[in-house]
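Chains as they are written, first to last, in our numbering: chain A, 1 to 296; chain B, 297 to 566.
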């Protein structure tokens, strides 16, 4: 199969930020490459400058899921390209690099710098960040999202995947705006904003105070949003949100996703991607033919 | 690729079988047959554990994530894999469920993970300092080192000090309430030992306040120490970035960069 012209061995990807293949290779050795759990590898989000991430604690367990407040720790673009990219090319699957910029100039520099590397098959734009000038969460707003995509569209010929935020009144309207601005694919959902309180002090538990909720607890929300987005767009969708089984993955394909991504379930089992792919294959599930309503 | 103090793990979760659970004072010692894992995890490495059934879905709808435990002992199994012992203390829904597991139940297991203890500095004697349920990784280290080490164990009370029996007669026991061994904190005999002869390498695991006291004692005396840290973690293999600890080089992940850190890597243990 293929996604935006990139050949894939199957329909199961990882969600950005939920699998560090370099760390995993230290832990599992070459067996990781022999039994790599995903058909394409999506990197953790890369920013232009290095980031330390949020102070701990960074995690909270919820009913059927968790909240994370990691804060996008990464080496910055130069560090990523020099140190991480050569190791990621050894995985033997197409690489999708997730990038986030706090201004259009930053985003353009990232897309140009990362997109220029032939090892990179696609880029994913993480738009779940505020516009530092307007203060508006880019991914929550159709115009902001369109402006961000428009600012980078001309900087690369590689496919651009826009990772939608679920924190929008109308995610499908944001999806339509992204498609019209030149996105080649859409991925959703990102985590839902959430928080947890310390059981004794009732102060925010997480060092970053708020975080992103994920896991089976958000699956129903994700399935609805994928369905809504699929109904109003024509570009491929990477569907995710609490997928933990082949049955779950089949639901997302039926909702209109071209491929699926596994996130939180990989924390519980690094081999979850392979297991879910096998379960999906055994179901013989295929995607539905999308008949989008007139766009807008 | 291979690092000497990191035994590699199979890259997926597997089903182990609980062989039995033994009550040890305030703790449970759970023994499980790991069918395919390596027979030689390093002391200080750890496993992520979850019950095959009854993991979530009960009161409070937790647990959801697996829980991290250093093995207290690992024995190669003649039929392949290993038999592993874990020391548990019931402190929440995850440890409660694990502690009530019986023989024949399925234990979901991933590991061994992280980097274990390094050898002692040449020409120094190993000094093992454990606190509470943190004595677990020191047990297999103690057995590996043979009779060459000294073991100091601290517990809240005599009920907790029951875990010291795993070390045979070889351990000195201190309890906070004096109900077993001598009364006080384990850092008191440690300070006396180091003041008597500072040619030692200290290996320690226990609650953060104890580890910080051990780190400071060793730093003041120029003694190398290796501290096995604990942190809440979602994955155990570097994926989630949730378990970071502040080191002199910035945040590092307890699960892949540790859990054993040199005292010199840490400005303080919190």
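Cβ atoms here follow ideal geometry from the backbone N, Cα and C, with glycine treated the same way. Please read all numbers here as calculations on a predicted model, not as lab measurements.
C-alpha distance - residue i paired with residue j, whole-angstrom precision
i, j, result
"residue 93 of chain A", "residue 516 of chain B", "50 angstroms"
"residue 528 of chain B", "residue 180 of chain A", "43 angstroms"
"residue 460 of chain B", "residue 482 of chain B", "13 angstroms"
"residue 318 of chain B", "residue 533 of chain B", "29 angstroms"
"residue 127 of chain A", "residue 191 of chain A", "12 angstroms"
"residue 296 of chain A", "residue 147 of chain A", "The pLDDT assigned to residue 296 of chain A is 38, lower than 50, so where the model puts this residue is not dependable, and the model offers no usable value."
"residue 313 of chain B", "residue 501 of chain B", "27 angstroms"
"residue 51 of chain A", "residue 73 of chain A", "5 angstroms"
"residue 395 of chain B", "residue 245 of chain A", "28 angstroms"
"residue 453 of chain B", "residue 447 of chain B", "18 angstroms"
"residue 303 of chain B", "residue 185 of chain A", "40 angstroms"
"residue 376 of chain B", "residue 151 of chain A", "58 angstroms"
"residue 239 of chain A", "residue 46 of chain A", "21 angstroms"
Span of the alpha helix (DSSP H) around residue i
i, result
"residue 510 of chain B", "504 to 517"
"residue 371 of chain B", "Here residue 371 of chain B belongs to no alpha helix (DSSP H); instead the beta strand (DSSP E) covers 363 to 372."
"residue 238 of chain A", "Per DSSP, residue 238 of chain A belongs to no alpha helix (DSSP H); it is in the beta strand (DSSP E), 237 to 239."
"residue 451 of chain B", "Per DSSP, residue 451 of chain B belongs to no alpha helix (DSSP H); it is in the beta strand (DSSP E), 446 to 451."
"residue 276 of chain A", "272 to 283"
"residue 308 of chain B", "Taken as a continuous stretch (DSSP letters only), residue 308 of chain B belongs to no alpha helix (DSSP H), as it is neither H nor E."
"residue 168 of chain A", "It is not in any alpha helix (DSSP H) - residue 168 of chain A carries neither H nor E in the DSSP assignment."
"residue 266 of chain A", "264 to 268"
"residue 441 of chain B", "432 to 441"
"residue 19 of chain A", "Premise fails: residue 19 of chain A is in no alpha helix (DSSP H) and is neither H nor E."
"residue 250 of chain A", "246 to 254"
Contacts of residue i in chain A (Cβ-Cβ under 8 angstroms)
i, result
"residue 304 of chain B", "27, 28, 29, 31"
"residue 406 of chain B", "269, 270"
"residue 343 of chain B", "Those do not exist, as residue 343 of chain B stays about 12 angstroms from chain A at its closest Cβ, beyond 8 angstroms."
"residue 372 of chain B", "Residues of chain A passing the Cβ test: none, with the nearest at roughly 19 angstroms."
"residue 249 of chain B", "The requested residue 249 of chain B is not part of the displayed model; chain B covers only 297 to 566."
For residue i, the three-state DSSP class (helix, strand or coil)
i, result
"residue 77 of chain A", "helix"
"residue 546 of chain B", "strand"
"residue 202 of chain A", "coil"
"residue 521 of chain B", "strand"
"residue 31 of chain A", "helix"
"residue 294 of chain A", "Annotation note: pLDDT 42 at residue 294 of chain A (below 50); position unreliable, coordinate value reported separately. If DSSP states are grouped into helix, strand and coil, residue 294 of chain A belongs with coil."
"residue 553 of chain B", "coil"
"residue 565 of chain B", "coil"
"residue 207 of chain A", "coil"
"residue 483 of chain B", "helix"
"residue 124 of chain A", "strand"
"residue 6 of chain A", "strand"
"residue 417 of chain B", "coil"
"residue 531 of chain B", "coil"
"residue 44 of chain A", "coil"
"residue 117 of chain A", "coil"
"residue 471 of chain B", "strand"
Within chain B, partners of residue i - CB distance below 7 angstroms
i, result
"residue 66 of chain A", "360, 361, 530"
"residue 43 of chain A", "Those do not exist, as residue 43 of chain A stays about 12 angstroms from chain B at its closest Cβ, beyond 7 angstroms."
"residue 13 of chain A", "Result: empty, since nearest Cβ-Cβ is about 14 angstroms, beyond 7 angstroms."
Residue range of the beta strand (DSSP E) that includes residue i
i, result
"residue 421 of chain B", "421 to 427"
"residue 408 of chain B", "402 to 409"
"residue 379 of chain B", "378 to 384"
"residue 12 of chain A", "12 to 14"
"residue 61 of chain A", "59 to 62"
"residue 347 of chain B", "342 to 347"
Neighbouring residues, chain B, relative to residue i (Cβ below 8 angstroms)
i, result
"residue 18 of chain A", "535, 536"
"residue 328 of chain A", "Any property of residue 328 of chain A remains undetermined from this structure, which presents chain A solely from 1 to 296."
"residue 98 of chain A", "Those within 8 angstroms of residue 98 of chain A in chain B number zero; the least Cβ separation is about 14 angstroms."
Counterpart residues of residue i in DSSP-defined beta bridges
i, result
"residue 153 of chain A", "Answer by DSSP bridge pairing: none, since residue 153 of chain A is not bridged."
"residue 158 of chain A", "DSSP lists no partner for residue 158 of chain A."
"residue 188 of chain A", "A:239"
"residue 131 of chain A", "Its beta-bridge partners do not exist; DSSP assigns none."
"residue 212 of chain A", "A:68, A:193"
"residue 330 of chain B", "B:378"
"residue 324 of chain B", "B:319, B:384"
"residue 97 of chain A", "A:123"
"residue 51 of chain A", "A:74"
Chain-ordered chain A contacts of residue i [CB-CB under 7 angstroms]
i, result
"residue 352 of chain B", "64"
"residue 546 of chain B", "52"
Interface residues of chain A facing residue i [CB-CB closer than 9 angstroms]
i, result
"residue 409 of chain B", "27"
"residue 552 of chain B", "20, 23, 24, 26, 27"
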